[in-house]
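Counted the way our numbering counts, the sequence shown spans residues 30 to 373.
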Amino acid sequence: MDYKLVKMILQSDWRMKNLLFLSLLFTFLIVSNGMNYQLIFSFDMAYSYEGSNALTYNYNQIMSSNKFLPLDNSAFIPAGDSPPNNNLTQLEMGVWLYVHCYYDLDYGLVDEFLSRNINTIYFSVQNDDDCEGWDDPALFQKYADFIEFARSEGMNVYAVTLEKPYYIKQNYDELEDSFGNFINKTKEIFDTYVIDVEPYDIEGGAEPDAGPNVYVPEYIEMSKNLRSIADDYGVKYIDTVPDWFHTDIKNTGLKEGLDALYGDGVNIMTYHTTAEEVLSKINDIRTEVIKPYVISIKITEGLDAPTLQENEISKTINLLRALSIPIGLFEADGILQLPISFFQ
Numbered sequence: 030m031d032y033k034l035v036k037m038i039l040q041s042d043w044r045m046k047n048l049l050f051l052s053l054l055f056t057f058l059i060v061s062n063g064m065n066y067q068l069i070f071s072f073d074m075a076y077s078y079e080g081s082n083a084l085t086y087n088y089n090q091i092m093s094s095n096k097f098l099p100l101d102n103s104a105f106i107p108a109g110d111s112p113p114n115n116n117l118t119q120l121e122m123g124v125w126l127y128v129h130c131y132y133d134l135d136y137g138l139v140d141e142f143l144s145r146n147i148n149t150i151y152f153s154v155q156n157d158d159d160c161e162g163w164d165d166p167a168l169f170q171k172y173a174d175f176i177e178f179a180r181s182e183g184m185n186v187y188a189v190t191l192e193k194p195y196y197i198k199q200n201y202d203e204l205e206d207s208f209g210n211f212i213n214k215t216k217e218i219f220d221t222y223v224i225d226v227e228p229y230d231i232e233g234g235a236e237p238d239a240g241p242n243v244y245v246p247e248y249i250e251m252s253k254n255l256r257s258i259a260d261d262y263g264v265k266y267i268d269t270v271p272d273w274f275h276t277d278i279k280n281t282g283l284k285e286g287l288d289a290l291y292g293d294g295v296n297i298m299t300y301h302t303t304a305e306e307v308l309s310k311i312n313d314i315r316t317e318v319i320k321p322y323v324i325s326i327k328i329t330e331g332l333d334a335p336t337l338q339e340n341e342i343s344k345t346i347n348l349l350r351a352l353s354i355p356i357g358l359f360e361a362d363g364i365l366q367l368p369i370s371f372f373q
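Structural data, given as structure tokens:
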């Protein structure tokens, strides 16, 4: 609550002080139930007083769209009563899990994740070594069984798909074949799909001169088509973009930045070495973006991109938690090599 409002009320008569007490009690009830309920909606509470200290105050920032669960539009959901596809009753802490053909996919992974306060898996199947992935019936069942077990332990599991930049070149029919067919194949397992197209990679590929003025409009058009396809199948989809993409979009003339995308939310990748750099780079996102988002921090070495320093991991996680920002951890292999205490 605004301290100026508190001061004004305290200087008013007993009726206004009663209003203050009730408002503080109401806020306490919300906070005290925070571990058992999701509160992800905004509302207005009006205080008004007729008299010499006339005051009207609308309080509509108790909870923003980016607090607690970013992808569920319900108001209050008691713990244990959540639908099967959404088990979370706390701030999202996700992990990027890349499943290769040689990957053991031991159920003990779930315990390892839970011990690190990880409650969400971004599940990506890598079709390498002539592996057919989801097209192999035996592997399909293996994935489905693991996901079912993870959910039984209280975790959320989202599919990761469209992991190549060339998808921004596909028209609606082509995306229906790629995205739509994958949804149709896996819709009994997933209700949320994370898209990881990384359109900026085209700059160094087939179109070396293609900058944001080219790939931003193409990505937004793709996003619009994916929205339509996801709606046809009754599922949610999430965009994945780097933190600079917000500025890239604004620089093309779309002042809404990431809010111009059509996904239900956005997973924002950050590639920085310190907590201060991460917070600095997402500052405009925090103040400008309305769409629900997750901030993913790169903990595992590789990809020719900066990695968060080991002594900055806990600090970054705690700072993001303090700001009630959902967190993604990139990626599982590196995380499992770190002490559990880093994630407490």
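For glycine and all other residues, C-beta sits at the position ideal for the given N, C-alpha and C. Predicted model only: the values in this text are computed from it and were never measured.
Residue i - DSSP class collapsed to helix/strand/coil
i, result
"L58", "Model confidence at L58 stands at a pLDDT of 39, short of 50, so the residue's coordinates are unreliable and nothing is read from them."
"E321", "For clarity, residue 321 is Pro in the given sequence; the question names Glu instead. Here P321 sits in coil by DSSP."
"P228", "helix"
"G363", "helix"
"S257", "helix"
"L358", "strand"
"T336", "coil"
"S353", "coil"
"K284", "coil"
"Y132", "coil"
"I249", "helix"
"I218", "coil"
C-alpha gap between residue i and residue j, whole angstroms
i, j, result
"Q119", "N146", "10 Å"
"S353", "K171", "35 Å"
"Y187", "S153", "9 Å"
"T85", "G123", "Here T85 scores only 29 on pLDDT, less than 50, and its place in the model is too uncertain to base an answer on."
"T345", "K279", "27 Å"
"T276", "E360", "25 Å"
"E375", "D174", "With the chain represented from 30 up to 373, any question about residue 375 goes unanswered, as that position is not in the structure."
"Y229", "G286", "16 Å"
"F178", "E317", "38 Å"
"L58", "A351", "Note that L58 scores 39 on pLDDT, short of 50, meaning its location in the model is unreliable; the coordinates nonetheless yield the value given after this. Their backbone Cα atoms lie some 19 Å apart in a straight line."
"V245", "F208", "20 Å"
"F371", "W125", "17 Å"
"L168", "I197", "28 Å"
"S257", "E205", "10 Å"
"M298", "G331", "14 Å"
"L13", "L358", "Nothing can be reported for residue 13, as the shown portion of the chain is limited to 30 through 373."
"T303", "P166", "43 Å"
"F142", "N242", "40 Å"
"N200", "I176", "31 Å"
Buried or exposed (CB count within 10 angstroms, at least 16 for buried), residue i
i, result
"Y195", "exposed"
"K327", "buried"
"S252", "buried"
"E341", "buried"
"P107", "Per-residue confidence for P107 stands at a pLDDT of 31, beneath the threshold of 50, marking its modelled position as unreliable; the derived number appears in the next sentence. Burial call: exposed."
"E305", "exposed"
"S325", "buried"
Boundaries of the alpha helix (DSSP H) in which residue i is found, first to last residue
i, result
"V270", "V270 -> not in any alpha helix (DSSP H); beta strand (DSSP E) instead, spanning K265 to P271."
"L308", "A304 to K310"
"Y201", "Y201 to L204"
"N148", "No alpha helix (DSSP H) holds N148; DSSP gives it neither H nor E."
"T276", "F274 to N280"
"N210", "N210 to T215"
Given residue i as reference, the closest of the options once Cα atoms are compared
i, options, result
"V307", "F274, L348, A289 and L126", "L348"
"E227", "D268, L255 and N254", "D268"
"G240", "A304, T221 and W273", "W273"
"I319", "M298, A334, A289 and L332", "A289"
"S144", "C160, G183, D313 and N210", "G183"
"P271", "N296, Q366, I369 and S257", "N296"
"D202", "D164, L191, N254 and Y222", "N254"
"Q338", "D313, E317, L367 and Y322", "L367"
"S343", "Y248, I356, D333 and Y266", "I356"
"G162", "N185, H129 and R180", "H129"
"V264", "N148, I212 and G282", "I212"
Span of the beta strand (DSSP E) around residue i
i, result
"T299", "G294 to T299"
"L126", "M122 to V128"
"A167", "It is not in any beta strand (DSSP E) - A167 instead sits in the alpha helix (DSSP H) that spans P166 to S181."
"T190", "N185 to T190"
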